[in-house]
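Structure, as structure tokens:
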Amino acid sequence: MKKPKKTEEPAPGLFGAAVSPAALPQKKAKSVFSFSYSKLALYEECPLKYKFKYVDRIKEEPKTYFSFGHSIHHALEFLYAVKAPPFPAAGSVLEEFKRDWNLKSYLEKGYRDPAKADEDYQKGIEMLSAYYRHHDGRFKLPFLLEYVTDVEVDGLLVRIIADKIEYLGHGELALVDYKTGKDVKRQPDQLHMYQKICELDPRLCERVHEVYGDSVPALRVKQMLYYHVPTLKEYAFDRAEDAEISVFWERALGVAENIRGRRFDPAPGERQCAWCDYKKLCPHYYGGENSRPSQSPEGDVVGELADRYGRLREKIDGLNAQLDEVKARLVSISPAPGVLAGKEYELELRRAEKWEFKDREAVIGVLNEFNLYQKALGLTVKNIVALLSDPAVPEAAREKLLRHAEKSGVFDINLRKKE
């Protein structure tokens, strides 16, 4: 027979008084840290860049390849997001791609040239058309689409977003990741993280039972498939061994610990610094010649030209400020249109209209509602104003655009040098 457990008396306090265990100061539990493959990759690329993006929350410049990839992914999600066949027609998929593409202007998508944005749009149309033709008649419902999950493990709340998950039966999964870049490279860290989290995710077992009726105690990722949309090729990578996962996870935990410890030293290098959006904020990049990444003689020439360009830009900005000041004085002295003559130059003052559309999202909504975005050739004031006088534009569209417009009178100056 077991002896009854002896009830422990409260421990005596520092001055002899009894103190219950509940009254003793408790160690503060370490908070769960949100983590992902993207965070891991960025920290290992450059800890300081990680800080700028995730701690200071400074936005990066939009990237064209992200914008393009997002719209392609969205169209493919639309294609497969049906509860039962039939699947959407090819025209509907292309229309959905167009709708998503037009939600942002070419500048918001990272383009500097609207012609390049139009070129990529056409490339997307051709890419999706080829994908549809290639798979037409063979579409099958996926197990899960754009599956987002957060799994807590070892003090981390790890998020993954899987483009598509296929259930192979017998508790096995295949993860599908669509790629839209120039080539496909095996990304071991992504493979390892997705495999680990999927196999720990209790929701996946529940979903398998809901959809297929299989009661499985655990799931196993059999392979990860990279589908390269531009070439219609599929690349299969087998599951990682447990030893590989273990080594990877120790590294991931080390990265998380460094982030918690606020260790954000820069990691300069040609690859890291070449396309970094945070150069102007980086003390290492601007910390003197010894601190910068080593440059070739060509790099020195580029640096000199960059400095020269900057100095000229500053002069131009200064002169533009002076021009604005002189123009304001001219208009205040001679408020009526006409010709103003000096010894060397003649200035012709002409009245003009200045239009502003301050609620850009509302304007985009109107353009998309009436299918006018392409007609406007981008979200520029000049092109939108042109729509207001275009007889082919519906009256209802013009009225809605005018609600978001502000018009004011300004003076333009036409300059002519005397002979």
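With this note's numbering applied, the sequence shown covers 538 to 956.
Ideal Cβ placement from N, Cα and C applies to all residues, glycine included.
Predicted model only: the values in this text are computed from it and were never measured.
Can you tell which of the options has its C-alpha closest to the C-alpha of residue i?
{"i": "TYR643", "options": "GLY628, GLN659, SER945, SER604", "result": "SER604"}
{"i": "VAL713", "options": "PHE948, MET761, VAL876", "result": "MET761"}
{"i": "THR717", "options": "ARG670, GLY606, GLU807, ASP738", "result": "GLY606"}
{"i": "THR768", "options": "HIS671, GLU841, TYR580, GLY692", "result": "HIS671"}
{"i": "GLY583", "options": "PHE774, ILE796, ASP896", "result": "Residue identity check: residue 583 is Cys in the sequence provided, not Gly. Per the Cα distances, ILE796."}
{"i": "GLU898", "options": "MET730, ARG723, PRO739, LYS937", "result": "LYS937"}
{"i": "LYS620", "options": "THR601, CYS810, PHE676", "result": "PHE676"}
{"i": "ALA804", "options": "TYR602, LEU585, ILE950", "result": "LEU585"}
{"i": "CYS813", "options": "PRO599, PHE572, SER571, SER629", "result": "PRO599"}
{"i": "ASP720", "options": "VAL685, TYR684, TYR772, ALA699", "result": "TYR772"}
{"i": "VAL688", "options": "ASP861, LEU737, ARG808", "result": "LEU737"}
{"i": "SER666", "options": "ALA780, PRO625, ILE595", "result": "PRO625"}
{"i": "PHE589", "options": "PRO820, GLN859, ALA923", "result": "PRO820"}
{"i": "LEU579", "options": "GLY840, ASP861, ASP802, ASP844", "result": "ASP802"}
{"i": "GLU581", "options": "ASP949, GLY840, ARG788, ASP896", "result": "ARG788"}
Counting along the chain, where does the beta strand (DSSP E) carrying residue i start and finish?
{"i": "SER571", "result": "570-573"}
{"i": "TYR684", "result": "681-690"}
{"i": "LYS759", "result": "757-765"}
{"i": "VAL753", "result": "Where VAL753 is concerned, there is no enclosing beta strand (DSSP E), given that its DSSP letter is neither H nor E."}
{"i": "LYS919", "result": "Where LYS919 is concerned, there is no enclosing beta strand (DSSP E), although the alpha helix (DSSP H) it sits in stretches over 918-925."}
{"i": "LEU769", "result": "Taken as a continuous stretch (DSSP letters only), LEU769 belongs to no beta strand (DSSP E), as it is neither H nor E."}
By Cβ distance, which residues of its chain are closer than 7 Å to residue i, with the 5 residues on each side in sequence left out?
{"i": "GLN727", "result": "TYR574"}
{"i": "TYR658", "result": "TRP638"}
{"i": "HIS707", "result": "none"}
{"i": "PRO562", "result": "Below a pLDDT of 50, predicted positions are generally treated as unreliable, and PRO562, at 47, falls in that range; the measurement from the model is reported next regardless. Once the five neighbours on either side are set aside, PRO562 has no close Cβ partner at all."}
{"i": "ALA934", "result": "VAL903, PHE907, LEU909"}
{"i": "ALA777", "result": "LEU728, HIS729, GLN732"}
{"i": "TYR668", "result": "VAL766, LEU769"}
{"i": "TYR602", "result": "GLY718"}
{"i": "SER945", "result": "LYS891"}
{"i": "VAL930", "result": "LEU909, LEU924"}
{"i": "GLU645", "result": "PRO599"}
Leaving aside the five residues before and after residue i along the sequence, list all residues of the same chain whose C-beta is less than 6 Å from its C-beta, in chain order.
{"i": "GLU633", "result": "ALA612, PHE615"}
{"i": "VAL900", "result": "PHE894, HIS941"}
{"i": "LEU681", "result": "ILE702"}
{"i": "GLU943", "result": "GLU893"}
{"i": "VAL947", "result": "ALA889, LYS891"}
{"i": "VAL918", "result": "TRP892"}
{"i": "ASP751", "result": "VAL745"}
{"i": "ASP775", "result": "GLN760"}
Locate the alpha helix (DSSP H) running through residue i, then write down its first and last residues.
{"i": "GLU906", "result": "897-906"}
{"i": "GLY606", "result": "601-617"}
{"i": "ARG776", "result": "That residue, ARG776, is in no alpha helix (DSSP H); it is neither H nor E in DSSP."}
{"i": "ILE734", "result": "725-737"}
{"i": "LYS660", "result": "651-672"}
{"i": "GLY628", "result": "627-638"}
{"i": "TYR587", "result": "584-587"}
{"i": "GLU807", "result": "807-811"}
{"i": "PRO711", "result": "Checking the sequence shown, residue 711 turns out to be Ala, not Pro. Looking at the DSSP string, ALA711 is not in any alpha helix (DSSP H); the run it does join, the beta strand (DSSP E), is 709-716."}
{"i": "ARG935", "result": "932-940"}
Which residues share a DSSP beta bridge with residue i?
{"i": "ARG953", "result": "GLU883"}
{"i": "SER871", "result": "DSSP, once it has assigned bridges, lists no residue as partnering SER871."}
{"i": "LYS722", "result": "In DSSP, LYS722 forms no bridge with anything."}
{"i": "ILE702", "result": "LEU681, LEU712"}
{"i": "TRP786", "result": "Per DSSP, none; premise fails for TRP786."}
{"i": "ARG675", "result": "ARG675 is not bridged to any residue."}
{"i": "GLU893", "result": "GLU943"}
{"i": "ALA878", "result": "GLU883"}
{"i": "ARG888", "result": "PHE948"}
{"i": "ILE697", "result": "THR686"}
For residue i, which residues of its own chain have a beta-carbon under 8 Å away from its beta-carbon, when the five flanking residues on both sides are left out?
{"i": "CYS742", "result": "VAL753, PRO754, ALA755, LEU756"}
{"i": "TYR882", "result": "LEU952, ARG953, LYS954, LYS955"}
{"i": "LEU925", "result": "ARG935, LEU938, LEU939, ALA942"}
{"i": "ILE595", "result": "PHE589, TYR815, LEU818"}
Assuming the contact rule is C-beta atoms closer than 8 Å, residue i and residue j should be a hit. Round their C-beta distance to whole Å, please.
{"i": "ILE702", "j": "PRO679", "result": "7 Å"}
{"i": "LEU1009", "j": "VAL569", "result": "Residue numbering for the chain in the displayed model covers 538 to 956; residue 1009 lies beyond these limits and cannot be assessed."}
{"i": "CYS810", "j": "LYS816", "result": "7 Å"}
{"i": "LEU790", "j": "ASP691", "result": "6 Å"}
{"i": "LEU886", "j": "SER871", "result": "7 Å"}
{"i": "ALA711", "j": "LYS660", "result": "Rounded, the Cβ-Cβ distance is 28 Å, inconsistent with contact."}
{"i": "HIS610", "j": "ASP700", "result": "7 Å"}
{"i": "LYS864", "j": "ILE950", "result": "6 Å"}
{"i": "TYR764", "j": "TYR715", "result": "5 Å"}
{"i": "ILE662", "j": "LEU631", "result": "6 Å"}
Does the CB of residue i have a neighbour CB from chain D at under 7 Å?
{"i": "LEU640", "result": "In summary, chain D is missing from the structure at hand, where a single protein chain is found."}
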